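Chains as they are written, first to last, in this note's numbering: chain A, 235 to 399; chain B, 133 to 609.
See the structure below:
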């Protein structure tokens, strides 16, 4: 069940005959992402037990702005690998690599995985080529360094930044 | 914004006061009291940060439509001297490099459009690739893309997308010097392979508009504008290629700044000295992205003309002007009575050369450069003309849009896409889009009052109003 309405982190999306996108329950086992306000763009927040899990949720938040990630069929796969010791720059690098490869290959992405080994990161994402059956949201141009923060959140981690739309 | 933190110079000019120990340059904001009160305090913080950058000449400036950006505020303007350690900043240009507006003027009137508005909306949505994940008809290989990055709109015209007369009324005559396709990564080029001739999403649009009111008869005559005339405005930029260049250089310049010992008040002001290898690397890539955007808008203009030609085969459709509002450009300006070469960053700000400037097309030179302020789909847009005064006050710069009054999340809480389409339909505005969410995010009420922004732009001496435009048909990306 998708949530909408009163939670300021989870805006309802317009009906328009299409599925809701960018709207997810907050702290279910599987979904732990949210949004925060920015004048022209949007802030995304991912939370997880590990840094990598928080980054995966940040990716979910980012791609849910563009389409209903639940409706995306995992028929195509992209792999990314990078080295970045700074966790904040690692978040931006992870998101921007996904955005770039998805754009270059014409893919809508909906499933994400990431592993961390010190400053080395290895991740993947699954999705399918865009088609008229997928409701279109707003393209994310890139993850920015604005409001960029990766920090401990209770027993886990929280990763946030503004994405440019 | 808390106005108690500003010093009022006049009704339209405000500065952030400095303490005696503060060595930064002046941070100056233009706008009415009400526009400034509505701005986020982050605008103040960001423009003050810009005033601390090395090699800045004169004040750091915020236009009347300024809002919270990344690094620079959107609506931020700053000029740097390469011979005095001046920097070039990826955060001062933004992700959508050379985003801008192409305006076409027609010899049609609103009465011609009224019975054809629904047809036009459908035909334009079908023929103008719009929205996330939508590719264009062109698939460019790397050699063809490199040619586009070197040639800009000139390349597009050579490929049959439009007419040579268009080039005379595009900034830089459709092609900026200094583009270095070799400085653009292969990933950036791969992102652009299918995106040349696409609108994108978010606040990008193609709009059929009518001239609602002529404010300045002489300038309007020079621009070929008259009341009830139909014009077409196309707002978009350098698409995936520009986004990737912005992405890559934001991080690499942040690291370069650290390595070069530049102390930045905000990491997002990622920059390097203009004359450094890193600065030159970015400059060459950014210029390639400017040409990419110019080519993109040229192709879209051609596609729009073809749609009009099907229903209005005898219509004359010329380019009025094409102006970018996310750039850093080398320009000559007078500083204390001496001409200097400066690199002027305009992030969400439009160049606005005053009358007589040699870069202005001959037909417009007496009245000033056309300045286009894009509004929301419900409230319209403005065409203005640059002023002499703007050279002294803002390095010949002016506002670029209405500016958001609320965030996208707030807009989504308040409006639904279908309801916005229906409401605007009752007002005679046809909306077409592949994204209902996008329409809700871009609801007219989510933007500041364009009339206030245009008035403040004129009152602050940045540009004078020539004509206001009202939307008839809007294709939202």
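For glycine and all other residues, C-beta sits at the position ideal for the given N, C-alpha and C.
Note that the structure is predicted; figures quoted are calculated from it, not measured.
Give the straight-line distance between the Cα atoms of residue i and residue j, rounded to the nearest whole angstrom.
{"i": "residue 260 of chain A", "j": "residue 374 of chain A", "result": "Below a pLDDT of 50, predicted positions are generally treated as unreliable, and residue 260 of chain A, at 39, falls in that range; no measurement from the model is reported."}
{"i": "residue 311 of chain A", "j": "residue 363 of chain B", "result": "44 Å"}
{"i": "residue 305 of chain A", "j": "residue 298 of chain A", "result": "10 Å"}
{"i": "residue 481 of chain B", "j": "residue 443 of chain B", "result": "35 Å"}
{"i": "residue 324 of chain A", "j": "residue 387 of chain B", "result": "13 Å"}
{"i": "residue 201 of chain B", "j": "residue 276 of chain A", "result": "11 Å"}
{"i": "residue 193 of chain B", "j": "residue 604 of chain B", "result": "34 Å"}
{"i": "residue 439 of chain B", "j": "residue 332 of chain B", "result": "19 Å"}
{"i": "residue 148 of chain B", "j": "residue 160 of chain B", "result": "6 Å"}
{"i": "residue 267 of chain B", "j": "residue 567 of chain B", "result": "15 Å"}
{"i": "residue 166 of chain B", "j": "residue 204 of chain B", "result": "22 Å"}
{"i": "residue 262 of chain A", "j": "residue 544 of chain B", "result": "Its pLDDT being 46, under 50, residue 262 of chain A is placed unreliably by the model, and nothing is read from it."}
{"i": "residue 341 of chain A", "j": "residue 362 of chain A", "result": "5 Å"}
{"i": "residue 554 of chain B", "j": "residue 335 of chain B", "result": "19 Å"}
{"i": "residue 288 of chain A", "j": "residue 354 of chain A", "result": "16 Å"}
{"i": "residue 260 of chain B", "j": "residue 174 of chain B", "result": "36 Å"}
{"i": "residue 243 of chain B", "j": "residue 558 of chain B", "result": "17 Å"}
{"i": "residue 235 of chain B", "j": "residue 451 of chain B", "result": "6 Å"}
{"i": "residue 254 of chain B", "j": "residue 182 of chain B", "result": "44 Å"}
{"i": "residue 384 of chain A", "j": "residue 393 of chain A", "result": "4 Å"}
I'd like to check one pair, residue j with residue i: are the Cβ atoms closer than 8 Å?
{"i": "residue 504 of chain B", "j": "residue 534 of chain B", "result": "no"}
{"i": "residue 595 of chain B", "j": "residue 517 of chain B", "result": "yes"}
{"i": "residue 492 of chain B", "j": "residue 601 of chain B", "result": "no"}
{"i": "residue 352 of chain B", "j": "residue 599 of chain B", "result": "yes"}
{"i": "residue 562 of chain B", "j": "residue 249 of chain B", "result": "yes"}
{"i": "residue 198 of chain B", "j": "residue 208 of chain B", "result": "yes"}
{"i": "residue 122 of chain B", "j": "residue 431 of chain B", "result": "No answer is possible for residue 122 of chain B: it lies beyond the span of chain B, which begins at 133 and ends at 609."}
{"i": "residue 459 of chain B", "j": "residue 486 of chain B", "result": "no"}
{"i": "residue 281 of chain A", "j": "residue 387 of chain A", "result": "yes"}
{"i": "residue 245 of chain B", "j": "residue 252 of chain B", "result": "yes"}
{"i": "residue 356 of chain A", "j": "residue 315 of chain A", "result": "yes"}
{"i": "residue 379 of chain A", "j": "residue 400 of chain B", "result": "yes"}
{"i": "residue 374 of chain B", "j": "residue 229 of chain B", "result": "yes"}
Helix, strand or coil: which one does DSSP assign to residue i?
{"i": "residue 171 of chain B", "result": "coil"}
{"i": "residue 289 of chain A", "result": "helix"}
{"i": "residue 355 of chain A", "result": "strand"}
{"i": "residue 251 of chain B", "result": "helix"}
{"i": "residue 591 of chain B", "result": "helix"}
{"i": "residue 180 of chain B", "result": "helix"}
{"i": "residue 519 of chain B", "result": "coil"}
{"i": "residue 191 of chain B", "result": "strand"}
{"i": "residue 561 of chain B", "result": "coil"}
{"i": "residue 231 of chain B", "result": "coil"}
{"i": "residue 529 of chain B", "result": "strand"}
{"i": "residue 378 of chain A", "result": "coil"}
{"i": "residue 597 of chain B", "result": "strand"}
{"i": "residue 259 of chain B", "result": "helix"}
{"i": "residue 225 of chain B", "result": "coil"}
{"i": "residue 314 of chain B", "result": "helix"}
{"i": "residue 244 of chain A", "result": "At residue 244 of chain A the pLDDT is 35, less than 50, meaning the model places this residue with poor confidence; the figure from the coordinates comes in the next sentence. Of the three classes helix, strand and coil, the one that applies to residue 244 of chain A here is coil, per DSSP."}
{"i": "residue 291 of chain B", "result": "coil"}
{"i": "residue 185 of chain B", "result": "coil"}
Buried or exposed for residue i, please, with buried defined as at least 16 other CB atoms from any protein chain shown within 10 angstroms of its CB.
{"i": "residue 531 of chain B", "result": "buried"}
{"i": "residue 365 of chain A", "result": "exposed"}
{"i": "residue 490 of chain B", "result": "exposed"}
{"i": "residue 606 of chain B", "result": "buried"}
{"i": "residue 350 of chain B", "result": "exposed"}
{"i": "residue 296 of chain A", "result": "buried"}
{"i": "residue 428 of chain B", "result": "buried"}
{"i": "residue 508 of chain B", "result": "buried"}
{"i": "residue 323 of chain B", "result": "buried"}
{"i": "residue 398 of chain B", "result": "buried"}
{"i": "residue 548 of chain B", "result": "buried"}
{"i": "residue 141 of chain B", "result": "exposed"}
{"i": "residue 309 of chain A", "result": "exposed"}
{"i": "residue 273 of chain B", "result": "exposed"}
{"i": "residue 351 of chain A", "result": "exposed"}
{"i": "residue 560 of chain B", "result": "exposed"}
{"i": "residue 216 of chain B", "result": "exposed"}
{"i": "residue 528 of chain B", "result": "buried"}
{"i": "residue 143 of chain B", "result": "exposed"}
{"i": "residue 359 of chain B", "result": "exposed"}
Point to revise | Length at least 3, wholly inside the region 318 to 401 of chain B: the beta strand (DSSP E) runs in chain order | key: Counting only runs of 3 or more residues that sit fully inside the region 318 to 401 of chain B, the beta strand (DSSP E) segments are 337 to 346 and 361 to 368, in chain order.
Check your understanding: Considering only residues of the region 421 to 450 of chain B, which uninterrupted alpha helix (DSSP H) runs meet the minimum length of 4 residues and lie entirely inside it, listed in chain order?
Key -> Positions of the alpha helix (DSSP H) runs, each at least 4 residues long and wholly inside the region 421 to 450 of chain B, cannot be given because no such run exists.
Exercise for review: Scan the region 271 to 356 of chain A and note each continuous beta strand (DSSP E) run of 3 residues or more that stays entirely inside, going in chain order.
Suggested key: For the region 271 to 356 of chain A, whole beta strand (DSSP E) runs of length 3 or above, ordered along the chain, are 276 to 282, 310 to 317 and 341 to 351.
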